[in-house]
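Colleague: Protein chains in written order, with our numbering: chain W, 5 to 308; chain H, -19 to 262; chain U, 232 to 692. To start, I am sharing the structure in question, which I have written as structure tokens.
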């Protein structure tokens, strides 16, 4: 039972990270109807920016961890958001009114560009960081197994919850959120009513990238490493999460993220680590067969 | 060997979407070699009836029985999807034209003969080997398509993309495509929508010739009363998923319930307005 | 990575040099923020596992400067040439292109047949030609699924892998299923029995196994549309790769399988001995013979793929594929069984992928999961889309351009994928509908007229 609870905690933490990335996929899909294949690599870039910022801050003599973390978070979000903006501007905007497959291929190309840019500029080797946040609590100790809740895990979950609250506020209460939802429904009509569609779409990419940067930073804190290839698998899994939750649905993305995180953790813990990704993808396929619109997606009525 | 039974008998057809009752215990028959019109105000459930008949929806209740000339009987409520067209021989058109826009007019008509050709091509094996039997079948299919292109006056545009044809031609091509599936019952969903007066008249002629010369029974949804009154043998009026009238065109036209349903006004005023529109149109 | 100017429609053609300069400054500033950390600072794991870093402000300055200059150059070019893609060629020029286009396919075919003659001495080029032909074949195979049937498949590499591993495993050890061979001894066979015929017997078997997997994938995804289909096929491709990677007993895991039997000229091995092909036809042995043979082998396989596709397009099944791509609902209303139509597209596409896989295995003599990553699927899909969906000639041209271009940048080594991705983005912006932008009808009454691609749908799946 203790082992179960430990895995539950681990799964929820991992799921929070997937959920943060999944929101970026789901937002972009909702507004422009395309899979932003480069989003996983934006997450990876976010991890790198966090790593480099952290190194600089430490080397200029900052020692107070909370301040360092806050600064790293802000820099990573800002710079990665600019990456998101640039990717949209270069690779997607010229193709917005184009055929369906062109933006998808362009996105795949952009994904190659980003991951190989990181490889070329930062080298192919894995970059480890020493544990930044240490310590934790023992929740329950039955003698032979102790349920641990580490401080890193608390930071990850708390950050996710806070950002999610802020994000929900933005989408539901601000003018930008209203514009975004209007563009999701009907871009032409939104434009006629004075919504700046280009700007709204840009902002969607910016926010998605900022959240991915947070996920990248959390990943760095939690696993203590980044490498140029991590965007691909994490990206596919986050997209899986978005689809699982019902693509286009924001709470669905978070729910799907948690589900994927839990599935992966429990599969690793009880069955085999090697096949954890196979399990995640199989679940995706099974869910889509029986619930083609995901957990929280709106059912699609066939129009004849 | 003609059969006296109605081609289509619908009994107690019910269709529910969640809590909404779209069609409530609808019963009517369509006679062989006749044009039966299904009319009613917007949202009355006409297209839903079509979707049930043609296998896109599975009805919540009721039976739909189709009897071919040779007596072969099909329970449409138990068949589903493509089988309705393939076995029961019911073909349809759509309210919003659904041609294959990137294929030529001729190709559209060839696709409609898919099942015949598929068998002739030995499920592609004989076709790959270019067997003579398949070539013959293909030639017959092209001839049949050419016949239909002539009938709708599109021979000259046979090799143009369907998506490039003018609207009226697309409507006619869709009917020809449905006919190329050699149906026993042809279901037309608002074929006159968006046509001008000349095109509507041509459409009426086409439908009459399908009934008289080919002998195909037609089930028709239409808002254009001039077309309905001119060519229908029998009219069924639907409102809010319930049948409110059923009979010969003249009888239905004078039915106050029908008039009220269409205009939502009190029956006497409405009857007057209706009278005028119909005479103007016819 | 210059930030492009606003859309041509919104660009002010009258704006002066100040405007261009302002844009360039903004682009340079954006580049500075983007690259300050990623390029300006280089991190590396030190010898003791501690992270170290050093600065590269020189490179940073160079790149930001390049973005500044590049932005000005692009903007000026745009002024001179006019908006990209807005140029409509005059009819006479287009007619000329059409004639060239008709001559292009036979010319390419003749050239392909002569490749081993022309480049007999250039082993590297022969190797490259074999690689290009492999991708041409893969592109033609995927074209059936994506181009004709309109089903977006991001996991095509799975079938390539199934074909390669089927061939490798069967050729090495017979049926690797002891339960089955114990129960039915007559299905058991060994390399000795097949001898030099292994490749020719197992090639169709590999193709059929891949087709079977195509159907297995096809069933669950029948109801899925669009991007859901894309992601499920992607997941399927990854599942196959991960299973190959982790099922070490069967596949050798990351170490792969080596010593895969080489192909024979219908039973005659391409070896130096007296029973070898060279001795048989009385010429001195040369290792190039094998390359030449492999080239003609893949050329033949690719041409079979092409021939079958062209024939199938004109058969009812092929028309049903295209009709399904155009409008699935209308197909159902015309009595077309969508299930079998979709499955047949998946199966036939997969089968050709399986043939290509078996060829790959026999050519390399060694396979490992690394060769079957998502990048391969993306590359083949890029070839199909760039070729112009559904166009056989376009796919061949795209394969030559992509693989050939990819090889040109071999010298750039680690920059290769970077350039490749960038080129992919630019190509899509330049020609979103691919090189060949029209569809040829499958049957005609009076005259064959090309159909503009803007009318042709891309399918729902």
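Beta carbons: idealized from backbone N, C-alpha and C, even for Gly.
Using only CA atoms, which one of 115(H), 1(H), 97(H) lies nearest to residue 28(H)?
Modeller: 1(H)
Colleague: Can you tell me whether residue 271(W) is helix, strand or coil according to DSSP?
Modeller: Reduced to three states, the DSSP call for residue 271(W) is helix.
Colleague: Compare the C-beta of residue 82(H) with all C-beta atoms of chain U and state if any pair is closer than 8 Å.
Modeller: yes
Colleague: Would you mind giving the Cβ-Cβ distance between residue 298(U) and residue 585(U), rounded to the nearest angstrom? I have them listed as a contact below 8 Å.
Modeller: No, residue 298(U) and residue 585(U) are not in contact; Cβ-Cβ is about 46 Å, not under 8 Å.
Colleague: Going by DSSP, name the residue or residues bridged to residue 275(U).
Modeller: 283(U)
Colleague: Spatial neighbours of residue 289(U) within its chain, please: C-beta separation below 8 Å, excluding the five flanking residues on both sides.
Modeller: Closer than 8 Å at Cβ, skipping near neighbours: no residue.
Colleague: What whole-angstrom Cβ distance do residue 47(W) and residue 238(W) have, given they're in contact under 8 Å?
Modeller: 6 Å
Colleague: Which runs of the alpha helix (DSSP H) fall wholly inside the stretch 373 to 409 of chain U and span at least 4 residues, in chain order?
Modeller: 388 to 404
Colleague: Under 9 Å, CB to CB, which of the residues in the stretch 19 to 53 of chain H have a partner in chain U?
Modeller: Taking a C-beta cut-off of 9 Å against chain U, the contacting residues of the stretch 19 to 53 of chain H are 34, 35, 36, listed in chain order.
Colleague: By the 9 Å beta-carbon criterion, what residues does the stretch 663 to 682 of chain U contribute toward chain H?
Modeller: 670, 672, 673, 674, 675, 676, 677, 678, 679, 680, 682
Colleague: Taking residue 44(H) as part of the beta strand (DSSP E), name the residues at either end of that continuous run.
Modeller: 41 to 47
Colleague: Using a Cβ-Cβ distance cut-off of 8 Å, determine whether residue 94(H) contacts chain U.
Modeller: yes
Colleague: Among residues of its own chain, excluding the 5 on either side of residue 168(H), which ones have a beta-carbon nearer than 6 Å to its beta-carbon?
Modeller: 73, 200.
Colleague: Can you tell me whether residue 567(U) is buried or exposed, with buried defined as 16 or more other CB within 10 angstroms of its CB?
Modeller: buried
Colleague: If we count the other Cβ atoms within 10 Å of its Cβ and call it buried at 16 or more, is residue 150(H) buried or exposed?
Modeller: Residue 150(H) should be labelled buried.
Colleague: Exposed or buried, which one is residue 478(U) when buried takes at least 16 other CB atoms within 10 Å?
Modeller: exposed
Colleague: Start and end of the beta strand (DSSP E) containing residue 9(H)?
Modeller: 0 to 10
Colleague: Touching or not, the stretch 42 to 60 of chain W and the stretch 222 to 233 of chain W, by the rule of three or more beta carbon pairs under 8 Å?
Modeller: yes
Colleague: Pick out whichever of 432(U), 261(U), 385(U) has its Cα sitting closest to the Cα of residue 590(U).
Modeller: 432(U)
Colleague: With burial defined as no fewer than 16 other Cβ atoms inside 10 Å of the residue's Cβ, what is the status of residue 71(W): buried or exposed?
Modeller: exposed
Colleague: Less than 8 Å between the CB atoms is what I'm expecting for residue 56(W) and residue 294(U), so what's the real figure, rounded?
Modeller: In fact, because the Cβ distance is near 16 Å, the residues do not count as touching under 8 Å.
Colleague: Does the distance from the C-beta atom of residue 90(H) to that of residue 679(U) stay below 8 Å?
Modeller: no
Colleague: How far does the alpha helix (DSSP H) with residue -5(H) in it extend, from its first residue to its last?
Modeller: No alpha helix (DSSP H) contains residue -5(H), which is instead part of the beta strand (DSSP E) from -12 to -3.
Colleague: Which of the three DSSP states is assigned to residue 152(W) in this structure?
Modeller: strand
Colleague: Listed in chain order, which residues of the stretch 258 to 285 of chain U have Cβ atoms closer than 7 Å to some Cβ of chain W?
Modeller: 261, 264, 265, 268, 269, 270, 272, 273, 274, 275, 276, 280, 282, 284
Colleague: Determine the burial state of residue 60(H): buried for a count of at least 16 other Cβ atoms within 10 Å of its Cβ, exposed for fewer.
Modeller: Label assigned to residue 60(H): exposed.
Colleague: Exposed or buried, residue 600(U), counting other C-beta atoms within 10 Å across all chains shown (16 or more means buried)?
Modeller: buried
Colleague: List the residues of chain U that residue 124(W) touches, going by C-beta distances under 8 Å, in chain order.
Modeller: Per Cβ cutoff of 8 Å: 645, 646, 649.
Colleague: Using DSSP with H/G/I as helix, E/B as strand and the rest coil, what is residue 500(U)?
Modeller: strand
Colleague: Just to confirm the assignment, what range does the beta strand (DSSP E) spanning residue 437(U) have?
Modeller: Premise fails: residue 437(U) lies in the alpha helix (DSSP H), 429 to 452, not in any beta strand (DSSP E).
Colleague: Out of 33(W), 166(W), 278(W), 234(W), which one is the CA nearest neighbour of residue 44(W)?
Modeller: 234(W)
Colleague: In angstroms, rounded to a whole number, what distance separates the CA positions of residue 470(U) and residue 672(U)?
Modeller: Between the C-alpha atoms of residue 470(U) and residue 672(U) there is a straight-line separation of about 38 Å.
Colleague: Check residue 226(H) in the structure and name its three-state DSSP category.
Modeller: The three-state reading of DSSP puts residue 226(H) in strand, counting E and B together.
Colleague: Confirm, please, whether the CB-CB distance from residue 13(H) to residue 272(H) is below 8 Å.
Modeller: No answer is possible for residue 272(H): the residues shown for chain H start at -19 and end at 262.
Colleague: Can you check DSSP and say which residues form a bridge with residue 263(H)?
Modeller: Here chain H has residues from -19 to 262 only, and residue 263(H) is not among them.
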